[in-house]
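For reference, the structure discussed in these notes is given below.
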Amino acid sequence: MSTTSTCVPASADADCKATQRTEAPLVLLGDEAVARGACDAGITAAYAYPGTPSTEILEYVMAQTGGRGRPIARWCANEKTAYEEAMGVAFAGKRALVAMKHVGLNVAADPFMNSALVSVHGGLVLAVADDPGMHSSQNEQDSRWYADFARIICLEPANQQEAYEMTREAFDLSERFRIPVMIRLVTRLAHSRAVVRVSEPRGENAAKMAPDISSWILLPSNAKRQWRDLLNKQPALSDYTLESAHNRLDLIEAERSFGVITTGIARNYLLENLDDLAIRPSHLHIGAYPLPLDKVRVLADHVKTLLVLEEGYPIVERLLRGIRHGQLLILGKETGEVPAAGELTPDIVRQALGLTSHRGVDLPTLDLPSRPPQLCSGCPHGDSYDALKKALLGFESPVVTSDIGCYTLGALPPYSAIQTCVCMGASVSMATGAAEAGCYPVLAVIGDSTFVHSGVTPLMDAVSANTDMTLIILDNETVAMTGGQPSLLPTSRLAGLILGLGIDPDHFQVISAHRRDTEKNAEIIRREIAHRGLSVIIAVRECIETAKKRKRG
Amino acid sequence: MNPNRRFRLLLVGVGGQGVLSAARMLGEAALAEGKQVVVGQIHGMSQRGGSVESTVLIGPGRSSFIGPGGADALLALEPLEAMRALPRLSRRTRVVVSLGKIPPFTLAQKGQPYPDLDGVLAALRGAARDVITVDGPALAEAAGSARALNMVMLGALASLGVLPVSLEAVEKALQDSGPGGQAGCRAFRLGGKAIAR
């Protein structure tokens, strides 16, 4: 490693150890710390699709870009295109960040898995924000499994400072091992602010084509070689994580009964409870994967009971099962000491450590009315749902599939207008399936951004089969749910795209999502339901929140 | 105040009331005074008029949680949301609550009234060290805008002297916060004066 701070601009292979800069510290979200780390690591570009809790990563890069135009920061059609664009930057020898939420990685899984096989020479870093506890998501899948699946390095920060430093390091690791590197965040870190001290920024890489082009052409003959290469790298990756300061083993020689393994932010919760423990347990913290197996073995050999505290799935816990079978008791989510679902909290960890829970005030028997989120007053989606409900009056069992966005709140009273919300774009394809299963009438409701993300491809299936369904695109001209990022396709071009897919123009309607047009719109929807083939309706009106923001300037 | 003890403030309210920006300003002020600070803000779906909460923890420690009985102070921008925070109060918690009610739409759907305000305040008083009630909406109007509610309430809390940051540091953070910073600063002072009287 270079120990100088004069590493700007750096070559693709340089591994800079940046020195502390005297710049004033910042209070940053975990997301923002990742973004700042990427900017200071000399990225040329950052790509993302918005999704809670990851959205603020690209927003911060965009704010850094300012009027200079560098680094490039772009919202993309979906996570797959975002990942592929980042791959293109890396192919040209420059550094790129791609950011998404956990379920977005399912969409980007194809390029992600295959990018592990190519020989990356421009740093490629994936920042993915998991949502244990499902604050704003449909599942709590753990992206660490994906890193293991792809056989790459995953760094898991425990605080904002680590998020900054690990992101910088991830680019160096990516170029050193020629693999993409994952930074895994969780909601509580992504969405909490703390003090971050930044260090000297590094310049961009010079453009440099891949030294071995065949490593990027994953024809079976090349892919077999690349896969062997990736497998052959594994011992080097393990050596790195074994030596990494992110994986720290504190062995208490005199205490041989009880040990704890923490990963990521679980360490914070252990440390907050440590003073209350009668004996200080031996402790291994894991912040870098693949697992530092030798450190795990040393701890497992040292104690009789091992508690595993990790945010997300019991990954480390499951990998450990069977070690010193019959001699070592492994406690965690699979044995019930830690709840299997939801987030960790300091109090959950406290109880798992055998300490009594702090007691608060019991809620009085007063029945507190809940305050769920709802569509904003004046929201165009509300008017569209009113028209939809009117159009469906008299039908015994209409099917209305829907999708992911603000309009999913149409599932709740007073609308109770939709029946499904599974994954991005599924409204269109599920409606096709339901229609082919014999349901009538079948409608699909999707937002404009979700349609561009994953609704266009299933619509091609529906066009080809002339499926008997009516697709309603709720076009509020923004990505509203995540705070109003711009839509990729404005209304005018959306219509051109849909007609270009081959929709019968007689059954393509653009309506205005206004309260005053509810009767008229209901009639149009009724007419298209009566058409026993595919119809598409775009209901247009700007999101009330973005309209307000625009007026305020 | 013991510098080795972590100060834990819980802020609650309804989406749109400015809970997160009040927490953020306090975080900036703490940083400016060289304090260790963590600000937690869980949002997402909660933006659409749902319950919102944020935490500001100043002093040693890393997590953004306030557990059962763990709040040193509660700043509530809405009475019902203060009630929801009860499990995290204890006999040492100072509570400042705005009396402006925002009835959840679920009540109207069920044809139920908003819970009795005296009952809410009695429950809070039964749980906390003390409860300061503030006519937040009136003060916000006096400060020039209903949107100033978060800053008048923050001013009211800060004037009690319970925060481990100075009034000046908060005012400076507000002034540096861009457009609207001056108005926010005026609202903050107005909230403080209302309590001092």
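Residue numbers (my numbering), protein chains in the order written: chain A, 243 to 795; chain B, 1310 to 1506.
Don't be surprised by glycine CBs; every beta carbon is placed ideally from N, CA and C.
As the structure is a prediction and not an experimental result, all values here were calculated from the model.
For Q1350 of chain B, the chain A residues whose Cβ falls inside 9 Å of its Cβ are L271, H433, S434, R435, in order along the chain. Counting other Cβ atoms within 10 Å of its Cβ, A594 of chain A reaches 16 or more and is therefore classed as buried. Boundaries of the beta strand (DSSP E) around M424 of chain A: 423–428. DSSP assignment within the stretch 459–500 of chain A yields the following whole beta strand (DSSP E) runs of 3 residues or more, N-terminal first: 490–492. Under the 9 Å criterion on CB atoms, P1473 of chain B is classed as non-interfacial with respect to chain A. Burial state of N489 of chain A is buried, judged by a 10 Å Cβ sphere holding 16 or more other Cβ atoms.
Of the candidates A:G636, A:S671, A:K631, A:K631 places its Cα closest to the Cα of A653 of chain A. For the options A:T294, A:G335, A:G680, A:S669, the alpha carbon positioned closest to that of S379 of chain A is the one of A:T294. At least one CB of chain A lies nearer than 9 Å to the CB of F1374 of chain B. Considering only beta carbons, the part of the stretch 615–634 of chain A lying closer than 8 Å to chain B consists of P615, Q616, L617, C618, in chain order.
The DSSP assignment places 338–343 as complete runs of the beta strand (DSSP E) inside the stretch 334–362 of chain A, in order along the chain (cut-off: 3 residues). Chain-ordered, the chain B residues with CB closer than 9 Å to the CB of R430 of chain A read G1349, I1351, S1372, S1373, F1374. Taking a Cβ-Cβ threshold of 9 Å, the residues of chain A close to R1333 of chain B are V269, R435, in chain order.
At a cut-off of 9 Å between C-beta atoms, H600 of chain A counts as an interface residue with respect to chain B. Residue pairing by DSSP places I715 of chain A opposite A:I688, A:I780 in a beta bridge. For I1411 of chain B, there is no enclosing alpha helix (DSSP H), as DSSP marks it with neither H nor E. Assigned with DSSP and collapsed to three states, P453 of chain A falls in coil, not helix or strand. DSSP lists no bridge partner for P615 of chain A. Residues of the stretch 361–390 of chain A whose Cβ lies closer than 8 Å to any Cβ of chain B, in chain order: H377, S378.
Going by beta carbons, Y289 of chain A and H695 of chain A fall outside the 9 Å limit.
Residues of chain A whose Cβ lies closer than 8 Å to the Cβ of L1426 of chain B do not exist, since the nearest Cβ in that chain is about 12 Å away.
According to the DSSP assignment, G1349 of chain B belongs to no alpha helix (DSSP H) but to the beta strand (DSSP E) extending over 1346–1351. It is roughly 32 Å from the alpha-carbon of A1339 of chain B to the alpha-carbon of M424 of chain A. For the stretch 1440–1457 of chain B, the beta-carbon criterion of a distance under 7 Å to any beta-carbon of chain A is satisfied by none of its residues. Against chain A, the beta carbon of Q1345 of chain B has neighbours under 7 Å at V437, listed in chain order. When DSSP states are grouped into helix, strand and coil, V721 of chain A belongs to the strand group. R1317 of chain B does not reach chain A, its nearest Cβ partner there being about 11 Å away, counting only Cβ pairs nearer than 7 Å.
Spatial neighbours of D543 of chain A in its own chain (CB-CB distance under 8 Å, excluding positions within 5 residues in sequence) are listed in chain order as R566.
Identification of chain A residues near L1416 of chain B by a Cβ-Cβ cut-off of 9 Å yields P611, ordered along the chain. From the listed residues B:G1358, B:D1485, B:A1332, the smallest Cα separation to L1466 of chain B is found for B:A1332. Using beta-carbon distances, K1419 of chain B counts as an interface residue toward chain A, with a partner under 9 Å. Taking a Cβ-Cβ threshold of 7 Å, none of the residues of chain A is close to G1490 of chain B; the smallest such distance is about 15 Å. Per DSSP, A436 of chain A is one residue of the beta strand (DSSP E) stretching across 434–438. Rounded to the nearest angstrom, the gap between the Cα atoms of E1477 of chain B and E719 of chain A is 42 Å.
Counting only runs of 4+ residues, the alpha helix (DSSP H) found wholly inside the stretch 286–334 of chain A occupies 297–307, 321–333, in chain order.
The beta carbons of K475 of chain A and F419 of chain A sit closer together than 9 Å.
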